[in-house]
Every structure is written in C-alpha cells, then in structure tokens.
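Data first, discussion second: the structure below is written as structure tokens.
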C-alpha cells in the first residue's frame, strides 16, 4: 500500500477543532440515584467532559431555622433528626450541647459517656452507608449488602435504646430521654466484634479492587489550601491532609478521655476520602469499646437543672411541685438565659454547627444551622469541571453529603 | 487570639465580650481588611459559618455574623457586622466558601453582599418574591405563583400556605392557649357519625 499523505498530530488537532460543536447542557437530578437525594446539577458538557457545574439546591428546604424560632428548645429535637438523617443521634447530641453551652449546664459523666457512645454508633452507621452507596455508584454492588447488614444491627440497637430506628430524638436539653436499657452495653460490645469483621471484608472487597481504584484514584483531588478556603470539615478536610478533628482539638462531651487516632489523607482525591472513612470506622469501634468498658454510673441527666430538664416521671405522678414543674417546662420550654453561642460537633459528614441567639425564655430568637453537607457541595463548581461525566458519581459519593442537612 | 491587635488596627472595632469565644463588632468598611488580617496574620484560615440575623435591639435591622476557625491554634472568633442599608461587603474573595453562605443570607433576609460574584438566591427559586427568615414573614408562608409557569398553567395550582391548624407546631413560651383541647377533625362525634 502506498502512503499518499502522512497525517501529523497537527492535522488531527485542526480537524477536531473543525468538529467542535456547541457545548451541551445536561441536567443531572434532582431525582438521580447518584445524587443521593434531591440534588440537581446543571452541567455544561464538551463531549463527555464537564466544562461547568452549577449545583441547584433547595428541593428539600423545609425552613428548619424558621420553625425553630417558633417552638421551644425541646420541641426542635425531632427536627434535628431530619438534618443528617443518616446519623440522627449525632445531630441530637450536637444540638443539645449547643443549647446547654448557652445555659451554662454541666452534665454528669454518665450522660456524657452515653452521648459519646451514641455519636460514635451514628458515625459507624453513616460511614457504612456512605461507603456502601459510594461503592455502588462506582459499580460494586456487593459492598452495599455487607454494610447494610451491619446497619440493620445498629438500627435494632437504636430501637432498643430510643424506641425508634430512624428518627431517634434521643437527647433533651440537659440530658437524654432515658437511661441505657439493661444488658444493652453487652449487645453493643457484641456488635463491635461483628462490625470489625465486616469492615475487614469491605476492605478486602474494595481497597485493592482494580475497578474501584480506577474510578477513584487521582479523581478530583482537593488540595489542602482549597479545602480550607471552601471551609470543608470532617473526613473531607482530613482527606486533603489537614489533621483537624473537633473531637481531638476542641473536645466536647468528654472525648478527651478516650484514646483514638485521626486518619489524614495525602492527595485529597476520591480514594483518600474513602480511606479516611474506612479508618474512622475502625477508630469509632475503638472508642465504643473504651466507652463500654468505662461507662460511669450515676445520674444520666443534669439533676440540678430544675428549670431545664423534666423531673422524673414517678415524682411527677406523686408530687405536686414536680407536677407543676413538668407542666411549665412542657408548655413554656426550658428556660435558657439570654446570649449567643456557636457550637460545632464533629459529625460523620463534618462539623455540624448551631448558632443560637436567645433573648431569654423557652424559645430561641434565632437558630442557625451550619450543615457540613451544604459546605461540601459548595466546592463542586470548583472540582467537577475538567472531569468526565462518569466521574461525577465518584466525586459525589466521595464527598458523602446528605440533602436533608444541605437544604435544612 | 490577640484581641487587642484587632482593636488597635481597626479603631471602629468594638469588643462584645463573648462568653464562648472572642466576639467583635466590626464596621462594614473594615470587614474585608479585618477578615484578611485574621486569616493571614492570626491564622484563622477557615470560615466556619456566615449567617444573617434580624436584630430587634440594634440600630440596623439586619446584621451578619461570621465564625472564623483557626485549624492551627484551635480557636474560634466571632465577628458581628451591621448591615447598614441592608448592605454588607462580601468576603467571598477571601474565603471562597462564603459564596454559598452569602447567597443564603441574601435569600433568607435580603441582605445584599457588595462585590459578590454570583448574587442569586440559593434555597428558594429565583422569582420568589419574599425573604422567609425575616421576622415579619409568617411561619405558614404566603401564597405565591409556582416557579414553573407551564406547570402552573396546566395544574392551575399555586404555592399555598401550610395548614397550621391542629398541630402543636407552635408554642410561644409564656403564652398558654385559652381554649379547651379539641380533636383535629371535629366534623363527627357520638351524635353525628362520620359520613
């Protein structure tokens, strides 16, 4: 065969320039399995490369901050369940501590230990789901089955503790709704053994899996500077190499008594975010084991906070003063002094912050919720462009957000 | 956190003696310089939160509250800024993460952030006429047109206020209801069976 013309790279480039058409606008969501809820991405595509990404949020906006201004502090607890609805126990605790800080309340050690325990169980539950659906988004179906089995066990434990599997509403300002059930701690210890095996199995399924690595390694790296500039928190911030964990650096609820490590990523890509969550699972199990071993006895609510926490039921039914106190607290709310407070707790998705302004009385004047998922999504316009359309599933999965908390 | 340094650099700064963290009221004209100074010289590298507040005891109706976090010194600082004529300079050039927070504060309160790169609503739709977190906006909402005109034409529906009756959703402290407790659906009872 006779070569008539040698084709140079320049020719190819010129030809593809000729073929370049208009960019295509594509709507992803609000109902799309990879958007984990009602997130809509308005994408501009050049071929299958993303040129521009504009997240459209607000589909789950319920006006929680407005609602909070119209009800007593304890009435708002069930609404906190519906922020990050994959870790309601952790939201309950963050909210309760914020209001207690404003009231200047000191809680007994048993109550603090119970809260740490529930927070870490919520973290395991949230990360198991986060990793399960992340794997599913990148094409590995099986992992989801493994992690959901464990979540089912967790839900059974939550049900025994709080009476609800999903929307727990476990804390009240000044304590928790009820003490630990008898024999429950032994079940938690047994759960720890089981979940550790599952974590190892997930590790074997995913961490060295060629397809998973291809789809996550080197995808959408977020530098340390960028993570800080956008205000990322939690595992997403740590995956970018910033060793900041509120449980270690601003300890609350007695976290300083427990021994655990804070995993930190190196490259900040999708794979690092997965690795950080996997290690956090193990560290949470470690914390739970310590709490189970050292669970203090004594009161499980602030007994001296007569204007804040409801009196015990037995006394309400037999004593006049407690009956009146119960009635006033339920109708007028726990009495919180005037002032302002900002408290952030290290939740599974990042730092969940509550900014409470009180003018005294039982109703907050202003309650601002800083949702970590809102912040995590605000980085999308900066990290998504330049990636392929198929990578969006990996990026969204790795950021592990939940729309209930983003839209509030 | 060197509180004196901030006050001496920006004379209009007022120390509000915050109980949980250092709190300052910064003049709007000083805000960008103060946030830049806190970020570059004091290590407050992360904007934890930015939100609007409608005050009732201050000269300006709205204000903005910023919470800055130092990941190296493990400290927070809070800045209050009054929104004179409902306007506050945008800090999103210093902390890109402020972009969405400021869009939300505009959406919810109508505070205008001067120099914001993308001043759109964020949670409500673009043609929504109100700012829902203002104190004069009712909890149930106000009737407005649907965001999509074509859907509204076919369905003939509007966005209607939430049905507030029957729910113990609202409990204003100190104000007890004077009525007797009643059932939700009073159209039937022992004398008049349910249709």
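Protein chains in written order, with my numbering: chain A, 1 to 408; chain B, 1001 to 1195.
Each residue gets a CB set at the ideal place from its N, CA and C atoms; glycine is no exception.
In the structure shown, residue 25 of chain A adopts extended strand secondary structure according to DSSP, grouped into three states. Here residue 153 of chain A has 191, 194 as same chain residues with Cβ atoms under 7 Å from its own Cβ, once five neighbours each way along the sequence are excluded. The contact set of residue 346 of chain A on chain B, defined by CB atoms closer than 8 Å, is empty, because the minimum CB distance reaches about 13 Å. For the 9 Å CB-CB criterion, residue 1123 of chain B and residue 408 of chain A form a contact. Under the DSSP assignment, residue 1192 of chain B falls outside any beta strand (DSSP E); it carries neither an H nor an E label. In this chain, the beta strand (DSSP E) harbouring residue 1087 of chain B covers 1087-1089.
Chain B places a beta carbon closer than 9 Å to that of residue 233 of chain A, counting this residue as a contact.
Restricted to the stretch 51-139 of chain A, the alpha helix (DSSP H) segments that are unbroken, complete and at least 4 residues in length are 64-68, 77-81, 88-103, 109-137, listed in chain order. The Cβ-Cβ distance between residue 69 of chain A and residue 341 of chain A does not fall below 9 Å.
Residues of chain A whose Cβ lies closer than 7 Å to the Cβ of residue 1065 of chain B are, in chain order, 355. Taking all protein chains shown into account, residue 145 of chain A has fewer than 16 neighbouring C-beta atoms within 10 Å of its C-beta and is therefore exposed.
In terms of Cβ geometry, residue 1047 of chain B and residue 1065 of chain B do not form a close pair [threshold 9 Å].
A distance of 9 Å or more separates the beta carbons of residue 296 of chain A and residue 181 of chain A. Just measuring C-alpha positions, the residue of B/1052, B/1071, B/1075 sitting nearest residue 1088 of chain B is B/1052. For residue 152 of chain A, the secondary structure class from DSSP, reduced to helix, strand or coil, is helix. By the neighbour-count criterion, in which a residue is buried when 16 or more other Cβ atoms sit within 10 angstroms of its Cβ, residue 25 of chain A is exposed. Looking from the CA of residue 159 of chain A, the closest CA among A/142, A/373, A/139, A/188 belongs to A/188.
Within chain A, not a single residue places a beta-carbon under 8 Å from that of residue 1025 of chain B; the smallest gap is close to 12 Å. Shown here, residue 319 of chain A sits in coil according to DSSP, grouped into three states, outside any helix or strand.
For residue 1075 of chain B, the enclosing beta strand (DSSP E) begins and ends at 1075-1082. Going by DSSP, residue 281 of chain A is part of the alpha helix (DSSP H) stretching over 270-294.
Within chain B, the residues whose beta carbon sits less than 7 Å from that of residue 63 of chain A are 1132, listed in sequence order.
Under the 10 Å beta carbon count, residue 1154 of chain B is surrounded by fewer than 16 other beta carbons and is classified as exposed. Under the three-state reduction of DSSP output, residue 1028 of chain B falls in the helix class.
With the criterion set as a beta carbon lying under 8 Å from some beta carbon of chain A, the members of the stretch 1074-1088 of chain B are 1074, 1076, 1078, in sequence order. Considering only beta carbons, the part of the stretch 249-282 of chain A lying closer than 7 Å to chain B consists of 249, 250, in chain order. In the three-state DSSP reduction, residue 1071 of chain B falls in the coil class, being neither helix nor strand. By the neighbour-count definition (other C-beta atoms within 10 Å, threshold 16), residue 1191 of chain B is an exposed residue. Listed as beta-bridge partners of residue 1051 of chain B by DSSP are B/1065. Here residue 36 of chain A is buried: its Cβ has 16 or more other Cβ atoms, across all protein chains shown, within 10 Å. Listed in chain order, the beta strand (DSSP E) elements of length 3 or more contained wholly in the stretch 1094-1131 of chain B are 1112-1114. For residue 357 of chain A, the enclosing beta strand (DSSP E) covers residues 350-358. Boundaries of the beta strand (DSSP E) harbouring residue 341 of chain A: 339-347, taken from the DSSP string. Residue 1023 of chain B sits away from residue 1094 of chain B, with the two beta carbons spaced by 9 Å or more. Between residue 377 of chain A and chain B, the shortest Cβ-Cβ separation is below 9 Å. Between the beta-carbon of residue 140 of chain A and that of residue 89 of chain A there is about 28 Å, and that puts the pair past the 8 Å contact cut.
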